[in-house]
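Chemist: Pasting a structure below so you can have a look.
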């Protein structure tokens, strides 16, 4: 399993503090706005918007905020038109490959913030294409399961159209084609599976298992990057020892 996905699941379980909830809502609103701008304001006919709205609901974002973000993107409100999508690539401690997706109205500010975070952590911001070759776009359904039932649930997911899965204790990641993501999520929920997320993701083709020291440094860097206002998603090919995740999480 991608260690970063496992860490993200742990954080999801812990919940979002009030201090960071406003920042999270801002990022969710940006994604909704850009999705509506690109594909229209109807979630039924706009897959990206549908996923963005679903994620907003999962994080208890007020419906008024969702509606305003859709209106901005669809051309019925102020703002939103100046946001650009940007992709950044680099290396973290131990040579870990890291990709970031951002939405920004000021590329110079964003790249400066990203480069500074990499540098402070002993990593480096790279050129376009330096690590993207090691990632592929896939639909990923993440679930928390009873470890005794994990294999059974994973096989049921395969029957429902999943292409592959990774099971690590109670953490289950199910991979599928983008076109089958919603159907797979629905199938899992209908079976009573506790789905924690369903999203388009950049999945690493190869991962690197880190030792305790480098794992701690990398976790701190990933968190710092995720906390940047313009960064929407962070992906890495890092895999973390369970003890490192437990220590950092505590």
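In the working numbering, the protein residues as written are 225 to 474. Every residue gets a Cβ at the ideal spot worked out from N, C-alpha and C, and that includes glycine. It should be emphasised that the depicted structure is a prediction, and the values quoted were computed from it without experimental measurement.
Could you have a look at residue 420 and say whether DSSP puts it in helix, strand or coil?
Modeler: Sequence index remark: in the chain shown, residue 420 carries index 196 (1-based). Three-state DSSP puts residue 420 in a strand.
Chemist: If I measure Cβ to Cβ from residue 298 and keep anything under 8 Å in the same chain, skipping five residues before and after, which residues do I get?
Modeler: Locating residue 298 in the chain shown gives position 74, counting from the first residue. Excluding residues within five positions, the ones whose Cβ falls inside 8 Å are 260, 261, 264 and 265.
Chemist: Could you pull out every residue in the same chain whose Cβ sits closer than 7 Å to the Cβ of residue 354, ignoring the five residues on either side in sequence?
Modeler: Start at 1 with the first residue of the chain shown, and residue 354 comes out as number 130. Result list for residue 354: 313, in chain order.
Chemist: Mind checking residue 281: buried by the 16 CB within 10 Å criterion, or exposed?
Modeler: Position 57 of the chain shown holds residue 281. Exposed, by the Cβ-count rule.
Chemist: What are the start and end residues of the alpha helix (DSSP H) that includes residue 342?
Modeler: Residue 342 sits at position 118 when you count from the first residue of the chain shown. From DSSP, the alpha helix (DSSP H) with residue 342 extends over 331 to 344.
Chemist: Where do the ends of the alpha helix (DSSP H) carrying residue 410 lie?
Modeler: Locating residue 410 in the chain shown gives position 186, counting from the first residue. 405 to 414 is the extent of the alpha helix (DSSP H) around residue 410.
Chemist: In the DSSP assignment, what residue or residues form a beta bridge with residue 325?
Modeler: Your numbering for residue 325 matches position 101 in the chain shown. In DSSP, residue 325 forms a bridge with 311 and 457.
Chemist: What's the gap between the Cα of residue 339 and the Cα of residue 331?
Modeler: Here residue 339 corresponds to residue number 115 of the chain shown, with the count starting at 1. Here residue 331 corresponds to residue number 107 of the chain shown, with the count starting at 1. Spanning the two alpha carbons is a distance of roughly 12 Å.
Chemist: Could you give the distance in angstroms between the alpha-carbon of residue 442 and the alpha-carbon of residue 425?
Modeler: Against the chain shown, residue 442 aligns to sequence position 218. Against the chain shown, residue 425 aligns to sequence position 201. About 19 Å.
Chemist: If the criterion is Cβ atoms closer than 8 Å, does the pair residue 448 and residue 251 meet it?
Modeler: For the purposes of this step, residue 448 is taken as the residue at position 224 of the chain shown. For the purposes of this step, residue 251 is taken as the residue at position 27 of the chain shown. No; because the gap between Cβ atoms is not below 8 Å, this pair is not in contact.
Chemist: Which two residues bound the contiguous beta strand (DSSP E) that contains residue 366?
Modeler: The residue you call residue 366 lines up with position 142 of the chain shown. 359 to 368 is the extent of the beta strand (DSSP E) around residue 366.
Chemist: Mind listing, in chain order, the continuous alpha helix (DSSP H) runs of no fewer than 4 residues lying wholly within the region 233 to 290?
Modeler: List check, alpha helix (DSSP H) in window: 242 to 263 and 271 to 282.
Chemist: Spell out a yes or no on whether the region 429 to 438 and the region 317 to 329 are touching, meaning 3 or more CB-CB pairs, one atom from each, closer than 8 Å.
Modeler: Segments in contact, yes.
Chemist: Report back the beta-carbon spacing between residue 400 and residue 416 to the nearest angstrom; my notes put them in contact at under 8 Å.
Modeler: Residue 400 sits at position 176 when you count from the first residue of the chain shown. Residue 416 sits at position 192 when you count from the first residue of the chain shown. Rounded, the Cβ-Cβ distance is 19 Å, inconsistent with contact.
Chemist: Which residue from 459, 418, 402 and 471 puts its Cα closest to that of residue 436?
Modeler: Sequence index remark: in the chain shown, residue 436 carries index 212 (1-based). The shortest C-alpha separation from residue 436 is found at 471.
Chemist: Consult DSSP for residue 356 and reduce its assignment to one of helix, strand or coil.
Modeler: By one-based count along the chain shown, residue 356 stands at place 132. Three-state DSSP puts residue 356 in a helix.
Chemist: Spatial neighbours of residue 274 within its chain, please: CB distance less than 8 Å, with the 5 preceding and 5 following residues excluded, ordered by chain position.
Modeler: As a position in the chain shown, residue 274 is number 50, starting the count at 1. These residues qualify, in order along the chain: 267, 268 and 406.
Chemist: Anyone know if the C-beta pair for residue 363 and residue 402 falls short of 8 Å?
Modeler: The count along the chain shown starts at 1 and reaches residue 363 at position 139. The count along the chain shown starts at 1 and reaches residue 402 at position 178. Their beta carbons are under 8 Å apart, which means residue 363 touches residue 402 by this criterion.
Chemist: What does DSSP give as the partner residue(s) for residue 400 in the beta ladder?
Modeler: Position 176 of the chain shown, counted from the start, is the residue given in the question as residue 400. DSSP lists 363 as partners of residue 400.
Chemist: Name the DSSP beta bridge partners of residue 392, please?
Modeler: Here residue 392 is taken as the residue at index 168 of the chain shown, counted from 1. 395, per the DSSP bridge assignment.
Chemist: Going by C-alpha distance, which of 359, 323, 357 and 270 is nearest residue 342?
Modeler: As a working note, residue 342 is residue 118 in the chain shown. When only C-alpha atoms are compared, the closest one is 323.
Chemist: Of the residues 255, 474 and 459, which one's Cα is nearest the Cα of residue 360?
Modeler: Within the chain shown, numbered from 1, the residue matching residue 360 stands at position 136. Ranking the options by Cα distance to residue 360, first place goes to 459.
Chemist: Counting along the chain, where does the alpha helix (DSSP H) carrying residue 473 start and finish?
Modeler: In the chain shown, residue 473 corresponds to position 249, counting from 1. Element bounds for residue 473: 466 to 473.
Chemist: From the DSSP output, in three-state form, read off residue 384 for me.
Modeler: Against the chain shown, residue 384 aligns to sequence position 160. Coil, per DSSP.
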